[in-house]
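>
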């Protein structure tokens, strides 16, 4: 049962050695763990933070991405449709999740947003008609139970925290769409083309949302500006790009699973930077939720079983 299953690749890209795969993925996990801390430090609206994060990243890689014109090996326009969906899902993921960090604890937010592997598996069961395995059923039950515990405890803290939990869950839903669309697009698109258009489309969507909602995009302090640049460089260019590179060689579910190191890293950093702790009941709920995510990831890595057609 190996989550490091390699998918189809263009001939130009060689299959990397296992150690290099893990090195890139571990670097990505460390990089994305800093995102929640940087977001908390940024004194700017959530939509503006999200817009700067992906737009600056797209601008940085633009010379690299546009230095050589890409010609698709096929005339099939579907990869470009997948690019559009990838950018849209990424924009919604950041808009929802960054706002959740303003309303609930780092631990609750990053753990709830990490439910993307469960959403990915559930969507696969409906879209691909794959039977939900017993382990996946247990995983979903654990996730529901863990989420109920966290949401119930946060409800006592007020509707503000509960709304933050809901936004984080929706952010996880959008992340699953981002990984699925990215996995499809990366089958035929090289990394630089994929991340330029995915980040660029996401940035365009977020800037449009800022303009519609009249969210300010300028006038921030020098400290906040520096944090926005760090967000674009560390968690986005280093973190997300590492996982987007891995999408060429691993399944979408596997990549989603490998992002699960973020809750531990982010919660640890939140303690050192903000002295932010969670109560014992909340910690237990988060552990149940994390266990459900891992079980779902393991179940998703098994060969899919399709439901039998009824006999005539």
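Numbering (the UniProt record's numbering), first residue to last: 1 to 312. By construction, the Cβ of each residue, glycine as well, lies at the ideal position given by its N, Cα and C atoms.
#1: How about residue 315 and residue 106: are their beta carbons less than 9 Å apart?
#2: Kindly indicate which three-state DSSP category residue 101 falls into: helix, strand or coil?
#3: Can you list, in chain order, the residues of its chain with a C-beta nearer than 6 Å to that of residue 57? Leave out the 5 residues immediately preceding and following it.
#4: DSSP three-state call for residue 224: helix, strand or coil?
#5: For residue 94, which of 64, 51 and 190 has the nearest alpha-carbon?
#6: Buried or exposed for residue 210, please, with buried defined as at least 16 other CB atoms from any protein chain shown within 10 angstroms of its CB.
#7: Along the chain, where does the alpha helix (DSSP H) containing residue 194 start, and where does it finish?
#8: Along the chain, where does the alpha helix (DSSP H) that runs through residue 184 open and close?
#9: Within the same chain, show all residues whose beta-carbon is closer than 7 Å to that of residue 227, passing over the 5 residues directly before and after it, in chain order.
#10: What is the residue span of the alpha helix (DSSP H) that residue 39 lies within?
#11: Could you check where the alpha helix (DSSP H) with residue 53 kicks off and where it finishes?
#12: Count the other CB atoms, across all protein chains shown, that sit within 10 Å of the CB of residue 98; report buried if there are 16 or more and exposed otherwise.
#13: Three or more C-beta pairs under 8 Å: does that hold for the stretch 202-221 against the stretch 28-35?
#14: Who are the Cβ neighbours of residue 65 in its own chain at under 7 Å, not counting the five residues just before and after it?
#15: Do you know offhand how far residue 242's Cα is from residue 24's?
#16: Need the endpoints of the alpha helix (DSSP H) that residue 112 sits in, please.
#17: Kindly list the residues whose CB is nearer than 8 Å to the CB of residue 169, restricted to its own chain and excluding five residues on each side of it in sequence; keep chain order.
Straight from the coordinates:
#1: For the chain, the structure presents residues 1 to 312; residue 315 sits outside this window and is missing.
#2: In the three-state scheme derived from DSSP, where H, G and I count as helix and E and B as strand, residue 101 is classed as helix.
#3: Excluding residues within five positions, the ones whose Cβ falls inside 6 Å are 199, 232, 236 and 237.
#4: Helix at residue 224.
#5: Here the closest residue by C-alpha is 51.
#6: Counting Cβ neighbours within 10 Å, residue 210 comes out buried, since at least 16 surround it.
#7: Unbroken alpha helix (DSSP H) run through residue 194: 191-213.
#8: Here the alpha helix (DSSP H) through residue 184 covers 159-185.
#9: Non-local beta-carbon contacts of residue 227 in its own chain, meaning distances under 7 Å to residues more than five positions away in sequence, involve 38, 41 and 42 in chain order.
#10: That run of the alpha helix (DSSP H) goes 35-41.
#11: According to the DSSP assignment, residue 53 belongs to the alpha helix (DSSP H) that extends over 46-66.
#12: Around the beta carbon of residue 98, 16 or more other beta carbons sit within 10 angstroms, so the residue counts as buried.
#13: The stretch 202-221 makes no contact with the stretch 28-35: fewer than 3 CB pairs, one atom from each, lie closer than 8 Å.
#14: Excluding positions up to five away in sequence, the list reads 192, 193 and 196.
#15: Cα-Cα distance, rounded: 6 Å.
#16: Membership of residue 112 in the alpha helix (DSSP H) is indicated by the continuous run 106-112.
#17: Excluding residues within five positions, the ones whose Cβ falls inside 8 Å are 112, 113, 115 and 147.
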